[in-house]
Amino acid sequence: MMKDITLNKANMSLDLNKTQPLSKKVISTIRKFEKIILNEGDNGIRNISLILNEKPLKKLKVSKKEFAESENAINDSLKSAILIAYSNIKKYHENQLQSLGLNKIETTPGITLWTEFKAIDRVGLYIPGGSAPLFSSLLMQAIPALIAGCNDIVICTPPDKNGKIDPAILWVAKLLNIETIFKVGGSQAIFSMAYGTETIPKCLKIFGPGNQYVNEAKKLINNHTPIDMPAGPSEVYVVSDDISKADVIAADLLSQLEHSGDAKAVFISKNKSLISKVKEQVSEQIKLLSRDIILNESITNLLFIKAKSDEQIIECINTNAPEHLILLDSDFVKYSTYIQNAGSVFCGSFSPESFGDYASGSNHTLPTSGYAKTYSGLSVADFGKTLSFQTASPQGFTNLSETVKILANAEKLDGHANAVSLREKYISNEVNQRSSFIKRSTKETNIYINLDIDGSGKYNINTGLKFFDHMLEQFSKHGSFDITIQAIGDLDIDEHHTIEDVAISLGQAFKEAIGKRSNIERYSSNETLVMDETISSVSIDMASRTLLKMSYPKLNEYIGDFPSEMFEHFFISFVNTLGFTCHITTDGKNSHHIVEATFKSFTRALHKALKVNDSKVLSTKGIL
Numbered sequence: 126m127m128k129d130i131t132l133n134k135a136n137m138s139l140d141l142n143k144t145q146p147l148s149k150k151v152i153s154t155i156r157k158f159e160k161i162i163l164n165e166g167d168n169g170i171r172n173i174s175l176i177l178n179e180k181p182l183k184k185l186k187v188s189k190k191e192f193a194e195s196e197n198a199i200n201d202s203l204k205s206a207i208l209i210a211y212s213n214i215k216k217y218h219e220n221q222l223q224s225l226g227l228n229k230i231e232t233t234p235g236i237t238l239w240t241e242f243k244a245i246d247r248v249g250l251y252i253p254g255g256s257a258p259l260f261s262s263l264l265m266q267a268i269p270a271l272i273a274g275c276n277d278i279v280i281c282t283p284p285d286k287n288g289k290i291d292p293a294i295l296w297v298a299k300l301l302n303i304e305t306i307f308k309v310g311g312s313q314a315i316f317s318m319a320y321g322t323e324t325i326p327k328c329l330k331i332f333g334p335g336n337q338y339v340n341e342a343k344k345l346i347n348n349h350t351p352i353d354m355p356a357g358p359s360e361v362y363v364v365s366d367d368i369s370k371a372d373v374i375a376a377d378l379l380s381q382l383e384h385s386g387d388a389k390a391v392f393i394s395k396n397k398s399l400i401s402k403v404k405e406q407v408s409e410q411i412k413l414l415s416r417d418i419i420l421n422e423s424i425t426n427l428l429f430i431k432a433k434s435d436e437q438i439i440e441c442i443n444t445n446a447p448e449h450l451i452l453l454d455s456d457f458v459k460y461s462t463y464i465q466n467a468g469s470v471f472c473g474s475f476s477p478e479s480f481g482d483y484a485s486g487s488n489h490t491l492p493t494s495g496y497a498k499t500y501s502g503l504s505v506a507d508f509g510k511t512l513s514f515q516t517a518s519p520q521g522f523t524n525l526s527e528t529v530k531i532l533a534n535a536e537k538l539d540g541h542a543n544a545v546s547l548r549e550k551y552i553s554n555e556v557n558q559r560s561s562f563i564k565r566s567t568k569e570t571n572i573y574i575n576l577d578i579d580g581s582g583k584y585n586i587n588t589g590l591k592f593f594d595h596m597l598e599q600f601s602k603h604g605s606f607d608i609t610i611q612a613i614g615d616l617d618i619d620e621h622h623t624i625e626d627v628a629i630s631l632g633q634a635f636k637e638a639i640g641k642r643s644n645i646e647r648y649s650s651n652e653t654l655v656m657d658e659t660i661s662s663v664s665i666d667m668a669s670r671t672l673l674k675m676s677y678p679k680l681n682e683y684i685g686d687f688p689s690e691m692f693e694h695f696f697i698s699f700v701n702t703l704g705f706t707c708h709i710t711t712d713g714k715n716s717h718h719i720v721e722a723t724f725k726s727f728t729r730a731l732h733k734a735l736k737v738n739d740s741k742v743l744s745t746k747g748i749l
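In our numbering, the protein residues as written are 126 to 749.
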């Protein structure tokens with residue numbers, strides 16, 4: 126029943142990664158189902174039900190009534206547990222998103238590149254049903270899809286014999302605001318999402334674990350519809366020499382073997398006595414578990430390995446690349462440091478694989494059958510793709526043009542060289558252009574700014590706040606700055622982050638555009654503007670000494686959709702980022718006029734201070 130081996134060079138690569146091939150008859154049936162779905166659509170799904178001796182469903186899509194019924198069909202303790210799991214999974218995968226929108230890099234002065242992450246528009250998720258409806262699988266797939274920004278999420282999951290979907294699956298879907306769920310299982314679900322039917326939309330990528338039939342279908346559609354990863358039976362490797370934890374080790378092994386009859390488990394130890402104790406515990410514990418029929422089948426896939434050294438254990442793990450790896454002992458670092466190939470690793474006595482399956486936050490959709498050598502576990506990145514962007518300033522073009530022409534001509538691609546050469550005649554008047562591009566990404570906002578200081582007051586501004594847009598338009602017009610601003614912020618929370626981050630980004634844009642601050646006027650004194658009953662006066666010194674003094678009357682709480690508490694904060698953020706001295710005095714009665722007059726007078730003062738002056742730096746120190 127249970128198997129034993131002593132590890133050596135000859136048997137380092139275990140045969141557990143070999144899956145039992147499907148029979149020709151089964152493969153033929155799956156391919157037949159594929160053709161039926163392609164040719165018959167929804168009717169094909171119903172005809173396949175008849176072939177499988179199942180009752181065909183009139184309506185494939187889950188109704189609103191069925192969603193509503195799920196609310197009372199599961200108890201409050203399960204709901205609470207799901208919410209904890211949801212929160213942890215969400216936190217973990219939100220953190221992944223931060224590394225996908227990469228900040229810009231200047232590879233050559235004036236050549237700016239950046240990467241942006243874009244979600245896949247429509248994805249299909251397969252959620253296994255059958256003997257164990259896996260609502261946890263829905264959490265693991267849908268949460269990263271939602272965080273990635275997928276607009277359309279389609280779910281297929283098999284119904285029970287009464288045509289019902291497990292209420293926990295429906296409750297989780299409702300929690301995630303996903304309404305598109307179809308009562309279709311098996312290979313026909315995969316084909317339906319890959320090709321589309323009258324009812325089930327065609328998806329651009331298919332995700333989800335399943336049995337051999339589901340996995341075979343995923344292999345077939347992978348030629349034209351991408352899938353998440355190759356999948357096989359679930360597996361766990363446990364490593365320990367701790368004689369006191371024989372019961373825990375046995376429990377970890379059985380927790381994986383209860384998934385299915387073809388699930389696999391391996392225990393590796395240098396302690397021969399411990400191996401014997403674990404065997405005894407396995408035999409005892411299996412009698413106490415409810416899925417004893419499955420366990421009595423999968424127990425034939427339980428392997429005990431006696432290793433001679435830590436190095437041998439590490440080699441075995443890296444050679445076989447297990448889906449789950451449990452390093453049970455407290456000195457797990459001696460292994461973890463050298464592990465290269467594994468789906469998910471659980472370190473220490475109190476990190477059961479069950480945590481990862483449900484609620485610690487990591488994803489439980491993992492590569493099996495040795496695929497962890499080349500695949501990672503499911504992540505936010507799987508639900509999108511990255512686009513590379515770049516822009517060259519006139520100076521950047523000049524810096525790189527000759528290099529590119531030489532390389533293009535060397536490859537005899539004179540069309541490439543010509544695309545560079547033709548631009549050179551336009552460059553002479555623009556090399557000294559004071560311009561910049563800023564991309565700033567945080568958890569709260571994404572800001573994009575194009576700035577030309579020596580422009581004519583052209584603007585294209587969208588922050589999601591209409592009054593703020595109006596003020597920034599005044600900023601552009603009265604300063605003769607060409608400005609493009611696109612801001613995507615968490616306005617569902619409040620306006621603070623958007624306004625603050627735009628001010629910071631705008632300050633960064635000006636700072637980058639003016640460079641060393643040589644050959645500028647530096648000062649602007651008492652730039653005054655009146656607007657009906659309001660008068661605003663601004664004085665600026667562009668030396669790199671940061672100070673803002675600002676005086677203005679009390680404002681209404683909101684001006685349009687703009688919170689007045691952010692009025693002064695905008696100027697604080699801008700001045701602190703750019704770094705200069707600024708005095709602002711505004712008097713008036715109308716809140717709208719006070720804010721608008723201040724923006725106008727400030728921008729006019731900034732324009733004067735930044736004017737090009739061909740004389741030397743206006744400072745006895747030689748620098749500003």
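All residues carry an ideal CB built from backbone N, CA and C; glycine is no exception.
Report task. Starting from Ile624, trace the alpha helix (DSSP H) both ways and give me its first and last residue. Result -> Start and end: 621-639.
Query raised in the report: Is DSSP giving Met656 helix, strand or coil here?
Result: Met656 carries a strand assignment under DSSP once its states are collapsed to helix, strand and coil.
Query raised in the report: Touching or not, the segment 165-177 and the segment 308-319, by the rule of three or more beta carbon pairs under 8 Å?
Result: Yes, since at least three Cβ pairs between the segment 165-177 and the segment 308-319 fall closer than 8 Å, the two stretches touch.
Requested in this report: Give the single residue among Val458, Phe457, Gly481 whose Cα lies nearest to the Cα of Gly468.
Outcome: Closest in alpha carbon position to Gly468, among Val458, Phe457, Gly481, is Gly481.
Query raised in the report: CA-CA distance, Asn228 and Leu532?
Result: Between the C-alpha atoms of Asn228 and Leu532 there is a straight-line separation of about 28 Å.
Requested in this report: Rounded to whole angstroms, what's the CA-CA distance from Met137 to Asn466? Just pull it up for me.
Outcome: About 14 Å.
**Report entry** Within the segment 508-559, ranges of the alpha helix (DSSP H) (whole runs, at least 4 residues)
**Finding:** With a minimum length of 4 residues, the continuous alpha helix (DSSP H) runs that stay inside the segment 508-559 are 519-535, 539-549.
Query raised in the report: For Gly254, which residues of its own chain have a beta-carbon under 6 Å away from its beta-carbon, when the five flanking residues on both sides are left out?
Result: Closer than 6 Å at Cβ, skipping near neighbours: Thr282, Pro283, Gly310.
**Report entry** Terminal residues of the beta strand (DSSP E) in which Ser469 lies
**Finding:** Taken as a continuous stretch (DSSP letters only), the beta strand (DSSP E) holding Ser469 covers 469-472.
Report task. Measure the alpha-carbon distance for Ala517 versus Glu191 and round it to whole angstroms. Result -> Distance between the alpha carbons of Ala517 and Glu191: 55 Å.
Query raised in the report: What's the C-alpha gap between Val391 and Glu405?
Result: One C-alpha to the other measures close to 15 Å.
Query - Beta-carbon proximity of Glu422 to Gly386, cut-off 7 Å - result: Their beta carbons are under 7 Å apart, which means Glu422 touches Gly386 by this criterion.
**Report entry** Nearest-angstrom beta carbon gap, Leu300 and Val505 [assumed within contact, 8 Å]
**Finding:** Here Val505 is actually not in contact with Leu300; their C-beta atoms are around 19 Å apart, not less than 8 Å.
**Report entry** Member of Thr444, Ser380, Ile230, Pro477 whose CA lies at the smallest distance from the CA of Tyr463
**Finding:** Out of Thr444, Ser380, Ile230, Pro477, Thr444 has the C-alpha closest to the C-alpha of Tyr463.
Requested in this report: Report back the beta-carbon spacing between Ile697 and Ala634 to the nearest angstrom; my notes put them in contact at under 8 Å.
Outcome: Between Ala634 and Ile697 the Cβ distance is about 17 Å, and since that is not below 8 Å, they are no contact.
Query raised in the report: Is it the case that the Cβ atoms of Ala388 and Leu379 are separated by a distance below 7 Å?
Result: For Ala388 and Leu379, no; Cβs fall outside 7 Å.
Query raised in the report: Is Gln313 buried or exposed, if buried means 16 or more other CB atoms sit within 10 Å of its CB?
Result: Buried.
Requested in this report: Compute the distance between the beta-carbons of Thr342 and Leu264, then report whether it is under 7 Å.
Outcome: Looking at the sequence itself, residue 342 is Ala, so the reference to Thr does not match. Going by C-beta atoms, Ala342 is not nearer than 7 Å to Leu264.
Query raised in the report: Tyr483: buried (16+ other C-beta within 10 angstroms of its C-beta) or exposed?
Result: With 16 or more Cβ atoms within 10 Å of its Cβ, Tyr483 is classed as buried.
Query raised in the report: Leaving out the 5 sequence neighbours to the left and right, which residues in its chain are closer than 7 Å to Ser408 when beta-carbon positions are compared?
Result: The beta carbon of Ser408 is closer than 7 Å to none in its chain, skipping five residues each way along the sequence.
Query raised in the report: When you compare each of Ser649, Ile624, His621, Val627 to Gly604 by their alpha carbons, which one comes out closest?
Result: Out of Ser649, Ile624, His621, Val627, Ser649 has the C-alpha closest to the C-alpha of Gly604.
Query - Beta-carbon proximity check, Thr570 vs His621, cutoff 7 Å - result: No, the Cβ-Cβ distance between Thr570 and His621 is not below 7 Å.
Requested in this report: Output the residue ranges of the beta strand (DSSP E) runs that lie fully inside the segment 193-258 and measure 3 residues or longer, sorted by chain position.
Outcome: Taking only runs of at least 3 residues, the beta strand (DSSP E) segments lying wholly in the segment 193-258 are 230-233, 236-244, 247-251.
Report task. Please check the pair Phe724 and Phe593, which I expect to be a contact at CB under 8 Å, by giving their CB distance rounded to whole angstroms. Result -> Incorrect: roughly 10 Å between the Cβ atoms, too far for contact.
Query raised in the report: Pairing CB atoms from the segment 344-351 with CB atoms from the segment 489-500, are three or more of them under 8 Å?
Result: Output reads no: the segment 489-500 does not touch the segment 344-351.
**Report entry** For Ala612, the residue or residues it bridges with in DSSP
**Finding:** Answer is Ile572.
**Report entry** Unbroken alpha helix (DSSP H) run spanning Ser408, endpoints
**Finding:** Start and end: 397-410.
Query raised in the report: What first and last residue would you give for the beta strand (DSSP E) that runs through Ser394?
Result: First-last of the beta strand (DSSP E) with Ser394: 389-394.
Requested in this report: Return the chain-ordered ranges of every beta strand (DSSP E) run that is complete within the segment 280-351 and spans a minimum of 3 residues.
Outcome: Counting only runs of 3 or more, we get 330-332.
Query - Proximity winner among Val187, Lys459, Asn644, Lys344, relative to Thr324 (alpha-carbon distances) - result: Nearest option by C-alpha distance: Val187.
**Report entry** contact_flag[the segment 612-631, the segment 641-648] where n(CB pairs < 8 Å) is 3 or more
**Finding:** Contact between the segment 612-631 and the segment 641-648 is absent, with fewer than three C-beta pairs closer than 8 Å.
Query raised in the report: With distances taken between CB atoms, is the gap from Ile438 to Ile393 smaller than 7 Å?
Result: Against a cut-off of 7 Å, the Cβ pair of Ile393 and Ile438 comes out as a contact.
**Report entry** Environment of Arg670 [buried if 16+ CB atoms lie within 10 Å]
**Finding:** With fewer than 16 other Cβ atoms within 10 Å, it is exposed.
Report task. Mark Ser365 as exposed unless 16 or more other C-beta atoms lie within 10 angstroms of its C-beta, in which case mark it buried. Result -> With 16 or more other CB atoms across the displayed protein chains lying within 10 angstroms of its CB, Ser365 is buried.
Query - Boundaries (first-last residue) of the beta strand (DSSP E) holding Asp579 - result: Element bounds for Asp579: n/a, residue is neither H nor E.
Query raised in the report: Straight-line CA distance for Pro519 to Ser513?
Result: C-alpha of Pro519 to C-alpha of Ser513: approximately 20 Å in a straight line.
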